[in-house]
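Quick note: the sequence shown uses our numbering, first residue 6, plus one each step. C-beta atoms are modelled at their ideal positions from N, C-alpha and C, and glycine is treated no differently.
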Amino acid sequence: MNTSLLQGELVRLTAGDPDKDAEKMAHWWRDTEFSRLLDSDPARPFTLAEIKDELKLDKPKENAFDFMIRALAGDRLLGFVGLWVDWKNGNAWVGIGIGEREYWGRGYGTEAMKLALRYAFSELNLHRVTLGVFEYNTRAQRSYEKAGFKVEGRIRGELHRDGRRWDGVYMGILREEWAEM
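What follows is the structure in structure tokens.
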């Protein structure tokens with residue numbers, strides 16, 4: 006039995022703690038580059054109370070699996086990853102964010118995504134996982150490809166940012182593709 010389902014060589018996935026994690030997450034959202042890589046909404050800071058409300062789990066969610074990403078070295082909070090499951094069809098959407106800039110482009114996000122996929126396919130028994138990424142976020146696209154995702158389509162001109170239109174890029178991975186890796 007694999008006892009390290011949620012742990013890799015660089016990171017581990019943990020439950021969130023609203024009281025401990027909210028301040029760090031609010032700091033990330035004050036970084037407009039972070040928010041513009043992650044979300045199509047206009048960049049804006051979130052208050053500590055808004056972040057705490059988002060992190061609170063009054064009751065378990067049947068279709069949402071949210072994790073915090075922590076570095077094994079020092080247990081530092083780096084980001085988050087979540088799966089939103091469509092049980093009827095065995096599919097999920099995944100979203101990820103690494104808030105700590107010094108960990109960008111160093112493999113932490115790729116490993117966290119691989120752990121989320123392992124959870125999705127081996128624990129939740131899903132058939133496919135899908136994500137969306139903005140055309141200008143080429144670093145994330147390379148990371149997703151390393152985790153096994155393939156480009157499946159584009160929505161041309163989906164996002165208006167900085168005076169121009171950017172495509173939305175949609176990527177997916179099937180269970181059998183993941184199993185072959």
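The beta carbons of Gly137 and Glu157 sit no closer together than 7 Å.
Counting along the chain, Gly114 sits inside the alpha helix (DSSP H) bounded by residues Tyr113 to Arg123. Under the 8 Å Cβ criterion, the segment 118 to 133 counts as touching the segment 75 to 88, having at least three qualifying pairs. Secondary structure note for Asp91: its beta strand (DSSP E) is the uninterrupted segment Leu82 to Asp91. Beyond the five residues adjoining it in sequence on each side, Tyr108 comes within less than 6 Å, by CB distance, of Leu83 in the same chain, given in chain order. DSSP lists Arg166 as the beta-bridge partner residues of Arg169. By the neighbour-count criterion, in which a residue is buried when 16 or more other Cβ atoms sit within 10 angstroms of its Cβ, Asp26 is buried. DSSP places Lys155 within a strand segment (E or B) once states are collapsed to three. Pairing Ser45 with Leu164 gives a Cβ-Cβ distance under 7 Å.
For Asp26, the enclosing alpha helix (DSSP H) has its first and last residue at Pro23 to Trp34. Thr19: member of the beta strand (DSSP E) spanning Val16 to Thr19, first to last residue. By the Cβ rule, the segment 67 to 82 does not count as touching the segment 136 to 150, because fewer than three pairs are nearer than 8 Å. Counting the other CB atoms within 10 Å of its CB gives Ser9 a total below 16, which places it among the exposed residues.
Residue environment for Gly102: buried (at least 16 other C-beta atoms within 10 angstroms of its C-beta). Boundaries for Asp44: no beta strand (DSSP E) harbours it, and the DSSP string shows neither H nor E there.
Taking a C-beta distance under 7 Å as the contact criterion, Leu131 and Gly95 qualify as a contact pair.
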